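In mature numbering (1 follows the signal peptide of the UniProt record, and there is no 0), the protein residues as written are -23 to -1, 1 to 191.
Ideal Cβ placement from N, Cα and C applies to all residues, glycine included.
Please read these numbers as outputs of a predicted model, since none were measured by experiment.
Notes follow once the structure below has been shown.
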Amino acid sequence: MTKTAFRALVTGATLTAAALALAAPAAAAARTLSYQILMGDDPIGTEEVKLDQQGDQTKVTVTATTRVKVLFINFRYDHQREELWKGSTLQSLRGKTDDDGTPHVMELTRQGSGYVMTVDGKSSELPGNALPLTLWTPEVLKHPLLLSVIDGARYTVNSQTVGKETVEAGGKAQEATRHRISGEVDRELWYAADGTLLKTRFKRSGYDITYVLK
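Here it is as structure tokens:
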């Protein structure tokens, strides 16, 4: 093969590779949402939600830590879980929690039209309208049966839209839609137009707990 022919071959291959690279869809960059956790006005912890698009599925990794001191009592909470979604359907969840010294391991797997849940070694079946309290997604507003991400406790709830509000989140004022989950568990939730959770608020042991996007 002559040098000219070889150069033409290499150039053609390079151009073809470049064209294929341009034609191929770019992989979606992972997105991380970081929240500060407040008890009243006092910061007590953080939660981080990492969203990673993997083909037609989304892998979600959640890490939360709180440290609370009330009078002479110290409380700690460490939680990690991994969710796998296909579109708007949760395919699986695996979580591990240290709830002030009490460990819990939770697994949820899609099976047929429902789920199989295993918590601390005990398994049970759930209907397809169940969903863990995965507050980072507005999908949680569509399910009448919610589950604790710690120990799988079941809560029958109703959800309603309260209205438009402006909230301080992400270091600026943002327009949000406020929603309320009520029933056996209560949550106030503020989502941006793109579905990003900006803020959530609820009571625990008589104290106001708030998560706010940093």
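In the structure shown, the three-state DSSP call for E161 is coil.
Shown here, K73 sits in a strand according to DSSP, grouped into three states. Fully enclosed beta strand (DSSP E) runs of no fewer than 3 residues occupy 34 to 47, 50 to 63, 66 to 76 and 79 to 88 of the stretch 31 to 95, in order along the chain. Contact between the stretch 81 to 88 and the stretch 134 to 149 is not established, with fewer than three Cβ pairs separated by less than 8 Å.
In this structure, the CA atom of G72 is about 22 Å from the CA atom of T173. Per DSSP, the beta-bridge partners of E25 are S11 and T40. For P115, there is no enclosing beta strand (DSSP E), as DSSP marks it with neither H nor E. Annotation: the continuous beta strand (DSSP E) that includes T133 extends over R131 to A146. In this structure, the straight-line span from the alpha carbon of V26 to that of K191 is close to 12 Å.
Using a C-beta cut-off of 8 Å, the stretch 109 to 127 makes contact with the stretch 169 to 183, since at least three inter-stretch Cβ pairs fall below that distance. Non-local beta-carbon contacts of L15 in its own chain, meaning distances under 6 Å to residues more than five positions away in sequence, involve T187 in chain order. Taking C-alpha positions only, A7 is separated from D97 by approximately 31 Å.
Distance from L122 to V162 at the Cβ level is roughly 11 Å; contact not present, criterion being Cβ atoms closer than 8 Å.
Residue state for V189 is assigned as strand, using DSSP reduced to three classes. Close CB contacts of M83 within its chain, under the 6 Å cut and outside five residues either way in sequence, are with G72, V96 and G129 (chain order). Excluding residues up to 5 positions away in sequence, V45 and D77 lie with their Cβ nearer than 6 Å to the Cβ of F52 in the same chain. Taking all protein chains shown into account, E24 has 16 or more neighbouring C-beta atoms within 10 Å of its C-beta and is therefore buried. Ranked by how close their Cα comes to the Cα of R178, the residues I158, A170 and L108 have I158 in first place. L70 sits away from P104, with the two beta carbons spaced by 7 Å or more. Shown here for K63: same chain residues with a beta carbon closer than 7 Å to its own, the five before and five after excluded, namely D33 and Q34 in chain order.
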